[in-house]
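Before any comments, here is the structure.
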Amino acid sequence: MDFEETDEGTHVVLAPEGKFNLVAAPPIKARIDDLVAAGKDHLVVDLHAVDFIDSSGLGALIGGLKAARQQGGDLRIAAAGDQVRAVLKLTNLDRILAPYATVEEAADGW
Amino acid sequence: MPPSTARQEAEAIAHSVPAERYDRVVRLAQAIFGAPIAALNLIGTDSQWTVASIGFPQGETPVEDSVCRVTVQHDEIFEVPDLREDDRFAKIPAVTGPPRARFYAGVPVRGQSGQNVGALCILDLVPRALGRQQREMLADLGALLEHELSVQEEMDLAGQVQQLMLPTSAPDIEGVEIAGRVQPAREAGGDYFDWFLVDDPEGGGKLLQVVLGDVMGKGLAAALIASEVRAVLRGHSRYTDVGDAVARASTTTRHDLEANGRFSTLWVGRLDPAGGALEYVDAGHGLAIIASERGYRRLAQDYLPLGTPIEDTWTRASDVLAEDELLVVVSDGVFDVLDDSFEQVEAKLHSILEPGLSCRQIVDRIVTFAVSHEATDDVTAVVVKRVADARPGATSEDTPTATG
Chain A
1 MDFEETDEGT HVVLAPEGKF NLVAAPPIKA RIDDLVAAGK DHLVVDLHAV DFIDSSGLGA
61 LIGGLKAARQ QGGDLRIAAA GDQVRAVLKL TNLDRILAPY ATVEEAADGW
Chain B
1 MPPSTARQEA EAIAHSVPAE RYDRVVRLAQ AIFGAPIAAL NLIGTDSQWT VASIGFPQGE
61 TPVEDSVCRV TVQHDEIFEV PDLREDDRFA KIPAVTGPPR ARFYAGVPVR GQSGQNVGAL
121 CILDLVPRAL GRQQREMLAD LGALLEHELS VQEEMDLAGQ VQQLMLPTSA PDIEGVEIAG
181 RVQPAREAGG DYFDWFLVDD PEGGGKLLQV VLGDVMGKGL AAALIASEVR AVLRGHSRYT
241 DVGDAVARAS TTTRHDLEAN GRFSTLWVGR LDPAGGALEY VDAGHGLAII ASERGYRRLA
301 QDYLPLGTPI EDTWTRASDV LAEDELLVVV SDGVFDVLDD SFEQVEAKLH SILEPGLSCR
361 QIVDRIVTFA VSHEATDDVT AVVVKRVADA RPGATSEDTP TATG
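In the order they appear, the protein sequences are chains A and B.
Quick note on this note's numbering: the first sequence kicks off at 1 and runs consecutively.
Quick note on this note's numbering: the second sequence kicks off at 1 and runs consecutively.
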């Protein structure tokens with residue numbers, strides 16, 4: 001899975017595409033860890049181009065969230081599609097990964 | 001002759017191996033040696049099993065017609081420049097009839113036991129001989145296959161261990177029928193179900209605890225964590241109510257889940273078969289329903305899975321399972337093929353829950369449906385119903401199975 005990365009100064013936006021699954025999750029998680037280690041701990045994952053997420057994809061987001069918060073930052077998700085929202089809601093993970101409508105809203109205040 | 005344990009091991013591998021796993025190495029051998037035939041043959045008790053091949057049919061042949069049966073008695077490459085000139089092989093069908101093989105070279109392949117279980121061989125239709133470099137290359141390919149085989153055997157064994165941890169008999173309690181099944185996407189997986197009896201912590205006698213857990217990810221790594229969550233939950237469940245048991249299981253497994261960056265959803269219910277009282281906790285699982293001809297209701301709560309950065313409270317909720325109702329719990333592998341939509345669940349329920357079906361039949365229908373719709377994840381289902389008669393759940397046809 002390819003993902004776009006944009007450094008907005010106050011935060012970094014990662015935008016994966018396609019299936020966010022067992023194959024795609026590890027490289028994104030690794031990139032999040034690198035960013036957080038480099039002090040870039042305010043992250044937005046733009047999910048508009050993700051059409052399917054599985055538990056491994058969720059795991060990468062939760063793991064990224066944890067890493068960012070440990071450094072005093074945060075990870076937020078934006079523009080999630082129907083399937084992603086359904087899975088977040090099913091697992092109640094939307095309680096800790098609230099989906100924002102847009103990247104701008106997610107990064108509001110940063 | 002090689003010891004019979006090696007032949008038994010070869011038989012076991014031949015019956016469990018997904019053939020495509022070895023096709024690549026066999027294709028490589030064929031291309032490197034420019035030979036018309038390349039094959040991986042396993043030498044069983046009475047048969048040679050050709051599990052991967054090019055230019056030669058796969059399947060079973062009598063072991064006495066095999067050349068590889070001699071190769072497995074050696075520990076190095078066995079080469080026959082012209083099979084017609086060797087009394088042991090001059091009369092075997094592959095030499096006297098099609099494909100009329102002349103040249104043979106094979107490298108023995110060891111199984112996990114360290115004994116030779118088969119051989120990677122190449123055959124040509126004209127007499128020839130391998131050069132030194134070619135012999136080295138054949139030995140390298142044999143080593144590659146050996147590694148593949150041992151990984152596969154290890155995975156199969158892990159899958160068996162996981163399968164043997166599933167409950168295999170009906171619970172020793174009257175008034176309930178139960179069935180469950182796991183179909184892992186790989187040899188082992190992060191899904192599991194469990195059931196066992198617990199003493200009612202409030203002193204009301206025996207209760208049936210039913211569990212469906214799903215550790216994120218697939219394969220052996222997820223299976224290891226699933227095995228831990230299962231054992232820890234079993235341990236805590238003996239002493240306290242379902243909510244508390246899940247909360248304690250979360251505390252106990254927290255380090256291991258966090259260290260591995262994994263989380264686990266859990267649905268845990270406790271049923272009193274006599275009156276139908278059901279207490280449950282839903283830790284981010286969301287896929288338990290009570291269904292009947294009248295419709296269905298979800299047994300879901302707002303709690304998080306185990307292993308997230310937040311420690312939740314996991315307090316039990318209550319419901320009652322009526323005598324004409326079914327408790328159905330599935331994993332997200334089933335939900336995925338329904339497009340993660342409860343509208344589709346409702347539509348599908350009508351065709352799955354026909355009156356008169358046993359729990360076993362319903363579980364099989366659910367799993368078969370998900371697998372036939374190309375589920376990519378592990379697929380699990382557990383179905384429970386109350387029955388008036390004394391323990392029909394104990395009949396052999398209702399014993400649960402796990403299919404790997």
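Where is the CB? At the ideal position from N, CA and C, for every residue including glycine.
Using the C-alpha atoms, what's the distance from Gln163(B) back to Leu40(B)?
-> What you label residue 40(B) is simply residue 40 of the second sequence in a count that begins at 1. What you label residue 163(B) is simply residue 163 of the second sequence in a count that begins at 1. Cα to Cα, the separation comes out at about 29 Å.
Selected residue, minimal CA-CA separation from Cys121(B), among Asp156(B), Thr96(B), Arg262(B), Val80(B) = Numbered from 1 along the second sequence, position 121 holds the residue referred to as residue 121(B). It is Val80(B) whose Cα lies nearest to the Cα of Cys121(B).
So, does the CB of Val87(A) fall closer than 9 Å to a CB anywhere in chain B?
-> For the purposes of this step, residue 87(A) is taken as the residue at position 87 of the first sequence. By this cut-off, Val87(A) is an interface position.
Which chain A residues sit within Cβ distance under 7 Å of Tyr303(B)?
-> As a first step, residue 303(B) is located in the second sequence; it is residue number 303 there, counting from the start. Under the 7 Å cutoff, chain A gives Asn92.
Outcome for Ile310(B) when other beta-carbon atoms lying within 10 angstroms are tallied against a minimum of 16 = Counting from one through the second sequence, the residue named residue 310(B) turns up at place 310. With fewer than 16 Cβ atoms within 10 Å of its Cβ, Ile310(B) is classed as exposed.
What do you reckon, are the CB atoms on Thr265(B) and Asp332(B) nearer than 9 Å?
-> Residue numbering aside, residue 265(B) sits at position 265 when the second sequence is read from its first letter. Residue numbering aside, residue 332(B) sits at position 332 when the second sequence is read from its first letter. Going by C-beta atoms, Thr265(B) is nearer than 9 Å to Asp332(B).
Would you be able to state if there are at least three C-beta pairs under 8 Å between the segment 110 to 121 of chain B and the segment 164 to 171 of chain B?
-> no
Apply the 10 Å Cβ neighbour rule to Asp46(B) and answer buried if 16 or more other Cβ atoms are within range, or exposed otherwise.
-> The sequence position of residue 46(B) within the second sequence is 46, counting from 1. The residue in question, Asp46(B), is exposed, as its Cβ has fewer than 16 Cβ neighbours within 10 Å.
Closer than 8 Å, Cβ to any Cβ of chain A: which residues of the segment 321 to 341 of chain B, in chain order?
-> Asp332, Phe335, Asp336, Asp339, Asp340, Ser341
Identify every run of the beta strand (DSSP E) within the segment 15 to 75 of chain B, keeping only runs that are complete inside it and at least 3 residues long; order them along the chain.
-> 37 to 43, 47 to 54, 59 to 62
Any C-beta of chain B sitting closer than 9 Å to the C-beta of Asp51(A)?
-> As a first step, residue 51(A) must be located in the first sequence, where it is residue number 51. Output row for Asp51(A): interface = no.
Rounded to whole angstroms, what's the CA-CA distance from Leu88(B) to Glu64(B)? Just pull it up for me.
-> For the purposes of this step, residue 88(B) is taken as residue 88 along the second sequence, with counting starting at 1. For the purposes of this step, residue 64(B) is taken as residue 64 along the second sequence, with counting starting at 1. The amino acid occupying residue 88(B) in the given sequence is Arg; Leu does not appear at that position. Spanning the two alpha carbons is a distance of roughly 10 Å.
Residues, ordered as in the chain, of the segment 62 to 81 of chain A that lie near chain B by beta-carbon distance below 7 Å | Ile62, Gly63, Leu65, Lys66, Arg69
How long is the line joining the alpha carbons of Thr313(B) and Ala247(B), rounded to whole angstroms?
-> Taking the first residue of the second sequence as 1, we reach residue 313(B) at position 313. Taking the first residue of the second sequence as 1, we reach residue 247(B) at position 247. For Thr313(B) and Ala247(B), the distance between alpha carbons rounds to 7 Å.
Which residues in the same chain as Phe193(B) place their Cβ atom closer than 7 Å to its Cβ, once the five residues preceding and following it in sequence are excluded?
-> Within the second sequence, the letter at position 193 stands for residue 193(B). So the qualifying residues of the chain are Leu166, Gly180, Val182, Val211, Leu212, Thr380, Val382.
By how many angstroms is the C-alpha of Ile32(A) removed from the C-alpha of Phe3(A)?
-> For this step, residue 3(A) is matched to residue 3 along the first sequence. For this step, residue 32(A) is matched to residue 32 along the first sequence. Distance between the alpha carbons of Phe3(A) and Ile32(A): 12 Å.
Using a beta-carbon distance below 9 Å, is Glu258(B) in contact with chain A?
-> Mapped onto the second sequence, residue 258(B) falls at position 258. Yes, contact with chain A.
Drop a sphere of 10 angstroms on the beta-carbon of Val363(B), count the other beta-carbons inside from all chains shown, and report buried for 16 or more, exposed for fewer.
-> Position 363 of the second sequence, counting from 1, holds the residue named residue 363(B). Val363(B) is buried by the Cβ-count criterion.
May I ask you to list the residues that DSSP assigns as paired with Thr380(B)?
-> Counting from one through the second sequence, the residue named residue 380(B) turns up at place 380. DSSP lists Val182(B) as partners of Thr380(B).
Given a limit of 8 Å on CB to CB distance, which residues of the segment 220 to 237 of chain B reach chain E?
-> Going by chain labels, chain E is absent from the structure shown, which instead holds the protein chains A and B.
Assigned secondary structure, Arg254(B) (DSSP; H/G/I helix, E/B strand, else coil) | Within the second sequence, the letter at position 254 stands for residue 254(B). Three-state result, Arg254(B): helix.
Could you name the residues that DSSP lists as bridge partners for Leu14(A)?
-> Taking the first sequence and counting its residues from 1, the one referred to as residue 14(A) is at position 14. In the DSSP output, where bridge partners are listed per residue, Leu14(A) has Glu5(A), Val45(A).
What is the rounded straight-line gap between the Cα of Gly393(B) and the Cα of Val384(B)?
-> Locating residue 393(B) in the second sequence gives position 393, counting from the first residue. Locating residue 384(B) in the second sequence gives position 384, counting from the first residue. Model confidence at Gly393(B) stands at a pLDDT of 48, short of 50, so the residue's coordinates are unreliable and nothing is read from them.
Quick one: list the residues of chain A neighbouring Ile310(B), beta-carbon separation under 7 Å, in chain order.
-> Along the second sequence, read from residue 1 onward, the residue named residue 310(B) stands at position 310. Near Ile310(B) (Cβ distances below 7 Å), the residues of chain A are Ile96.
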